[in-house]
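J.: Residue numbers (the working numbering): 435 to 979. Glycine is no exception: its CB is placed at the ideal position from the N, C-alpha and C atoms. All figures in this text were calculated on a predicted structure; none of them were measured in a lab.
(1) Buried or exposed for residue 933, going by 16 or more other Cβ atoms inside 10 Å?
(2) For residue 938, does the three-state DSSP call read helix, strand or coil?
(3) To the nearest angstrom, report how far apart residue 966 and residue 832 are at their CA atoms.
(4) Buried or exposed: which applies to residue 712, given that a residue is buried once 16 or more other Cβ atoms fall within 10 Å of its Cβ?
(5) Would you mind working out which of 761, 911, 703 sits nearest residue 570, comparing C-alpha positions?
(6) Only counting the same chain, and skipping five residues up and downstream in sequence, which positions put a Cβ closer than 8 Å to that of residue 954?
(7) Is the beta carbon of residue 898 closer than 8 Å to that of residue 888?
(8) Rounded to whole angstroms, what's the CA-CA distance from residue 986 to residue 914? Just pull it up for me.
(9) So, does the region 469-476 touch the region 495-509, judging by three or more C-beta pairs under 8 Å?
(10) I need the DSSP call for residue 751, collapsed to helix, strand or coil.
(11) Under the three-state reduction of DSSP, which class applies to residue 482: helix, strand or coil?
(12) Out of 752, 941, 972, 860, which has the shortest C-alpha to C-alpha gap to residue 926?
(13) Alpha carbon to alpha carbon, how far is residue 469 from residue 493? Give it in angstroms, no decimals.
(14) Using the Cα positions of residue 379 and residue 464, report the straight-line distance between them to the nearest angstrom.
(15) Could you check whether the Cβ of residue 959 sits closer than 7 Å to any heavy atom belonging to the ligand FMN?
(16) Apart from the five residues just before and just after residue 827, which ones in its own chain have a Cβ nearer than 8 Å to its Cβ?
(17) Does the distance from the CB of residue 875 to the CB of residue 806 come in under 8 Å?
(18) Which residues does DSSP pair with residue 857 in a beta bridge?
(19) Locate the beta strand (DSSP E) running through residue 528, then write down its first and last residues.
(20) Given that a residue counts as buried once 16 or more other Cβ atoms are within 10 Å of its Cβ, and exposed if not, what is residue 495?
(21) Using DSSP's beta-bridge definition, name the partner residues of residue 540.
(22) Ignoring anything shorter than 4 residues, give me the alpha helix (DSSP H) runs that lie fully in the region 892-920, in order along the chain.
(23) Straight-line CA distance for residue 545 to residue 458?
(24) Within 10 angstroms of its Cβ, does residue 439 collect 16 or more other Cβ (buried), or is it exposed?
(25) What separation, rounded to the nearest whole angstrom, lies between the Cα atoms of residue 435 and residue 455?
(26) Does the separation of the CB atoms of residue 943 and residue 585 fall below 8 Å?
(27) Would you mind working out which of 811, 691, 698 sits nearest residue 760, comparing C-alpha positions?
(28) When the Cβ atoms of the region 741-750 are set against those of the region 666-682, are three or more pairs found closer than 8 Å?
(29) How long is the line joining the alpha carbons of residue 749 and residue 956, rounded to whole angstroms?
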């Protein structure tokens, strides 16, 4: 008897059919952008690029349109035209209309592309394009002197128009609301002096603002005479800068005192108003208990003290950094002065702050490799004139000038190959960055340029700073020139432009341009008895003492 419909298998169950063979594939072989082979990331591309992708087989033209996407980084589609070469084994993609300048685009040919013999593309192909900077000037050309005045005037508005309405102090940044900054307000006070001197405001207006500021500061919350980093602009109460940073900030206080002393030397009239301003400033400055911040008479100053956490922040102020002015003021003659040993052992670390290595052929007397962020050579020297200033550790003109030149040389050398860097586009310092904040320097370079770095270096690198200023204003002005001057930072690599203004970055721009032009703030602060005695007591030599 014959049985049908029966089969046997070794496993004893239903027979499983083998999987179908994978489809045949073809592959991407080559890519050029405007005839150039540069990998899958291209910068400085013209606005009508030609992208040629080659494959191992002829493509099916019917699948090209759905497989191809060309869009901005934000996802906006760009219409394209496609032509074919090499017997349809190469497709040439062009935007149907000119692309926007300085914009990032993504181009992808996806897996739905098929060959004429129905083979499947082995893997999608993507490339990133960033178009070139528009070479046209964004604003009419003016003389260099007119441009410097324009930048100072527009930057001044940050400290004048945006000042807190009750206290007159500077907002931490343009979006800070009630939060004012003590150190940034010191910079803002110096900016007011420039505003009066340059005729942006009248002397009477400057007097009124200084009265408001100093009246407020006399009644604001302090800790052993020192101010917190942030204050509420209406109440004068401390706003915590961090969990344990809710008390005194000695460095920010030093920046504020630097500005106040410069204002006292400027508003020296015998009338009732200017006399009252000086009286307020003397009361505020003389109350700072510098020696308290030695923490039990150690030979170093400490940055923070909190009424709740005492010395828990535990940050000794050691050089080389932006904090030199703190030690100069602490050593000044007065009831709370500190001895020179605090400077020698604490700040100078008995000489350990020395560097004396060469970078790009430039000797750097002090500090970290390549000098660190440029604000190291700005904040204390807004009022302290480095020209002719020496002590046993350094010639400070050499220090700040070579620091700026090293920063410039690094950006020109551009070891990381960041798009846009060069003789007209340089300057690494602390600033906003995409999704955060960072202290950029040659050893921490993420491709973000901060205008304050080059512009506050005008006294040190006038030609290179002017080249940067012209590039920022004429070529990038449509992106970074706003109501309160240049925005904080930008990255041509990432096509990112900050919309922020920050007091401690805006202030050095207007102040150091003025020191470059007239030496005004240097002459004022260096004329103050506190600075003269502080420098003398620490063993400095200067034409001013």
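T.: Once the coordinates are examined:
(1) exposed
(2) helix
(3) 21 Å
(4) buried
(5) 911
(6) 627, 628, 631, 948
(7) yes
(8) What the structure shows of the chain is the stretch from 435 to 979, and residue 986 is not part of that stretch, so it cannot be assessed.
(9) no
(10) coil
(11) coil
(12) Taking only the C-alpha atoms, the option nearest residue 926 is 860.
(13) 21 Å
(14) Nothing about residue 379 can be read from this structure; the chain reaches only from 435 to 979.
(15) As far as ligands go, the structure on display features none, and thus does not contain the ligand FMN.
(16) Result list for residue 827: 782, 785, 787, 788, 799, 800, in chain order.
(17) Contact flag set, yes.
(18) None; residue 857 has no bridge partner.
(19) Start and end: 524-529.
(20) exposed
(21) Residue 540 pairs with 505, 562.
(22) For the region 892-920, whole alpha helix (DSSP H) runs of length 4 or above, ordered along the chain, are 896-904, 911-914.
(23) 13 Å
(24) Residue placement at residue 439 is flagged as unreliable, the pLDDT there being 38, under the threshold of 50; the coordinate-derived value follows with that caveat. The residue in question, residue 439, is exposed, as its Cβ has fewer than 16 Cβ neighbours within 10 Å.
(25) Legend: pLDDT at residue 435 = 35, less than 50; position of this residue unreliable, value from coordinates given subsequently. So the alpha carbons of these two residues sit roughly 40 Å apart.
(26) yes
(27) Comparing alpha carbon positions, the residue from 811, 691, 698 closest to residue 760 is 691.
(28) yes
(29) 29 Å
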